[in-house]
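Chains as they are written, first to last, in the working numbering: chain A, 8 to 504; chain B, 78 to 603.
Virtual Cβ for every residue (Gly too), placed ideally from N, Cα, C.
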């Protein structure tokens, strides 16, 4: 069997190594190399995805298992089910676009090389995390990923970038270290041995109630910080404001999904009883995230902060879907992870293009751009509408699935959360109105129209959103089986308890 | 009392005899080779050959070891796999240390003073410097220290342990005093280290006397058996045990016995700090492991409160005090205090896992320590006349180092990340192993404290990374800092950095070696 996943993990890392090893004269080509590597990655991924057996999407496919550190009980174990496949797809689609978006960002060749190499390293980690079938491996990649991200945020971006990078790192590290205690403790609860960290071997353990709940909390905290969930979301707006929009796009669109992905594939599977126990509390916080995020988004002057708060709101919806434990709601949440990546990724990139033109993300500095740059305005409107879940664009379907799916078990939560749809219309449309409508400002009269390169960046994302907006079945086919598995996992516990 | 000549099996002692014998020869070289430059070359070459030979012999011993090991002098000395593993670790540190000792700046300035006996700023000092004198006694002193530490890991008798302790401590006291620059500070550090060290030795030996009083034994295993027999907890015995532990915790640099660390780390010549920081901790841990597992284990319940308290205090105070340091060497010193706490966490419950985890932790920690101080020794101030001056140890002076010298700063960042325990570095696997051992032994509250301390500690490690990579060199003082690229120091940085990565990514081989070393040879009767 061709080791697709290992190669998908290793290829970007090798590309990064190549970039760093380039002699000075060849550095001018670093962008082409980075695009080439991510393009190859995308092609490889497509080849793999075509061989993926949809009928058996709940099981791990393309599995590879090699002993890594048998003394600790960990293996290099990769494999994807429908959830992992879709999120890897998101990563390999967005990364080349983020690179393309940063095409003209750095004039210093060395800085450019570093930026691209760090993006490639992050891609390696992302693919690895979504494909990990070993809890230790997952943890290692989860934590190690902080290093490239820390430098991506801290080296490239606005004035407050260092503060933002440190805040991000400390939040993530705090969550990660608590998770480490859980990871170690989980191993001792499990069968142990040389492959005792394999997710399969840790599933269905007979844990005592208290142990299971403590373990659940140690994992959940790390994921809640990553996902950003209120009240541990405060690092995200700072990062979004200071980091380069391309970085933030990747961070929010793909990396933060590790939080929800972890809840879905680790918390639910490893600690079903504790998930049941925690669900009411988690849902309360999820609903708070939904409303609070949306309200704060309305109040933001900085567009990058605004988009980050909308994400806090959207992540709340995903978490609500996951912890409702219904087939449809989990499918919806998983689909939303993908769609939110497309929509928010595109939104961050577009705001980034705008900031690159004028140097500010402050809404008040804009006005009447519609007449100056009509195409830009059109793109922005479409992407914005996707973010407020307009029917026809893919986020709509997923949000509806979450709400409909969760309604039977958490009606109040759904009703309150549904208010966010109205709030979303407010923050998106108000922003659009302030920035693009009205009389054009004089100082903005020379604003450039969206270039071909920029259209190439956002265009594919819009196309995908339209495609999945009308034909969501394409993606749901991959999600039904693993969602059913997750639901049955929790349900068995319930029946047993 | 009859005195019976002990039968000594010399062969298992070969590595120690080689090192200590060579140290004695090194002293003779000092006496007979007159030219400083020749002497330095000979001492370095000789020391390296000896240490590598000792390493080879240790590994050969390992291969030849039968049935768990050999007792060399009945209860006094035991060479088992556990001892050999620690000796290997210490020899590795010794080899890296001796290379670092020989490193010089581009202008040919060594790290050590020209004439130890000349008072700082005196005419003699200037003359000695002008004549190109060099204190090359540091090489035999290092060999003595290494030999003493190796002995420290295989001694199984409280009194004999004291001898080994003094062998390596005395060598270290002298080494600390020999800095070339900031000599007064170096002298102060050495004096402080010596006085506090002598004090702790006294406490230790007093503790041994009390234990002897309570058990009429001085060797580990007989003391352990005697403790088992004493049904009531004898206050004499408990006091003795606590005092003995205090002596060892002092060497480990754990709070509240840590007060020498910041000064000694800061004042000592940086290569000495590197070696001392790595090797002393390893030797102290090795002895602590052996004592706790082969002698004091019946008192586990009674002494666990002390271990827990000292571990917590070390982690918390070490971390908090490191936060407020503005001097790189002092910051690393306080971080070493916090690491002493992490080491003690492993002793929760005295599990077998801890015996395998600790050598790995110390190896990982030691490599990063030696590497980090090797980097520190390369970052220099530039004096007003343009020549290279003392080390730039103020944190602010490290601003923008990543732009000036990306590889050196990158290596430093790697060592800091390893201290912080970020995955894919050796430090992470070490921490993981230690935490696993503690959780297996029921010490999860300790692990929780350790985790919180780690999170806080990450802040000051990362702060230095921020300074190096994310901060621009302050304007106007672009030339104030100069980065040396001594080939020997660079070699040490490269080797330690490679070690940190290899142990972080593919630690399986080394872990299995230490796992097979996780047993003690204990004589049941004698």
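Reference residue i, options the options, closest by Cα
i: residue 401 of chain A; options: A/36, A/136, A/475; result: A/475
i: residue 389 of chain B; options: B/274, B/522, B/109; result: B/522
i: residue 546 of chain B; options: B/267, B/318, B/475; result: B/475
i: residue 237 of chain A; options: A/221, A/274, A/189, A/299; result: A/299
i: residue 588 of chain B; options: B/468, B/437, B/395, B/504; result: B/437
i: residue 484 of chain B; options: B/570, B/556, B/127, B/171; result: B/570
i: residue 604 of chain B; options: B/396, B/406, B/433, B/426; result: Since the first residue shown for chain B is 78 and the last is 603, residue 604 of chain B is missing from the structure and cannot be characterised.
i: residue 137 of chain B; options: B/477, B/151, B/256, B/90; result: B/90
i: residue 180 of chain A; options: B/331, B/564, B/529; result: B/529
i: residue 504 of chain B; options: B/511, B/495, B/184, B/469; result: B/495
i: residue 409 of chain B; options: B/262, B/426, B/290, B/448; result: B/448
i: residue 411 of chain B; options: B/399, B/482, B/453, B/183; result: B/399
i: residue 269 of chain A; options: A/459, A/311, A/308, A/329; result: A/329
i: residue 450 of chain B; options: B/170, B/103, B/362, B/93; result: B/170
i: residue 376 of chain B; options: B/305, B/567, B/472; result: B/305
Collapsed DSSP secondary structure at residue i in the structure displayed
i: residue 120 of chain B; result: helix
i: residue 296 of chain B; result: strand
i: residue 503 of chain B; result: helix
i: residue 205 of chain A; result: strand
i: residue 233 of chain B; result: coil
i: residue 460 of chain A; result: helix
i: residue 143 of chain B; result: coil
i: residue 556 of chain B; result: coil
i: residue 250 of chain A; result: strand
i: residue 542 of chain B; result: helix
i: residue 256 of chain B; result: strand
i: residue 121 of chain A; result: helix
i: residue 504 of chain A; result: In this prediction, residue 504 of chain A has a pLDDT of 44, which is less than 50 and means its spatial position is unreliable; what the coordinates show is noted afterwards. Coil, per DSSP.
i: residue 309 of chain A; result: strand
i: residue 484 of chain A; result: helix
i: residue 369 of chain A; result: strand
Residue i: first and last residue of the uninterrupted beta strand (DSSP E) it sits in
i: residue 73 of chain A; result: 68-76
i: residue 552 of chain B; result: Here residue 552 of chain B belongs to no beta strand (DSSP E), and DSSP marks it neither H nor E.
i: residue 457 of chain B; result: 456-459
Residue environment, residue i, which counts as buried when at least 16 other CB atoms sit within 10 Å
i: residue 340 of chain B; result: buried
i: residue 88 of chain A; result: buried
i: residue 506 of chain B; result: buried
i: residue 419 of chain A; result: exposed
i: residue 129 of chain B; result: exposed
i: residue 509 of chain A; result: Because chain A here runs from 8 to 504, residue 509 of chain A falls outside it and cannot be looked at.
i: residue 186 of chain A; result: buried
i: residue 50 of chain A; result: exposed
i: residue 120 of chain B; result: buried
i: residue 61 of chain A; result: exposed
i: residue 430 of chain B; result: buried
i: residue 358 of chain B; result: buried
i: residue 554 of chain B; result: exposed
i: residue 298 of chain B; result: buried
Identity of the residues DSSP links to residue i by a beta bridge
i: residue 2 of chain A; result: Any question about residue 2 of chain A goes unanswered here, given that chain A covers just 8 to 504.
i: residue 181 of chain B; result: B/187
i: residue 404 of chain B; result: B/471
i: residue 267 of chain B; result: Beta-bridge pairing links residue 267 of chain B to no other residue.
i: residue 164 of chain A; result: A/250
i: residue 465 of chain B; result: B/459
i: residue 141 of chain A; result: A/205
i: residue 148 of chain B; result: B/155
Distance cut-off 7 Å: residue i Cβ against heavy atoms of the ligand MN
i: residue 229 of chain B; result: For the ligand MN, the structure offers nothing, since it holds no ligand at all.
Limits of the alpha helix (DSSP H) - the one that residue i falls within
i: residue 155 of chain B; result: Premise fails: residue 155 of chain B lies in the beta strand (DSSP E), 155-157, not in any alpha helix (DSSP H).
i: residue 374 of chain A; result: Note, residue 374 of chain A: premise wrong, no alpha helix (DSSP H); not H, not E.
i: residue 297 of chain A; result: 279-306
i: residue 431 of chain B; result: 429-453
i: residue 589 of chain B; result: 585-593
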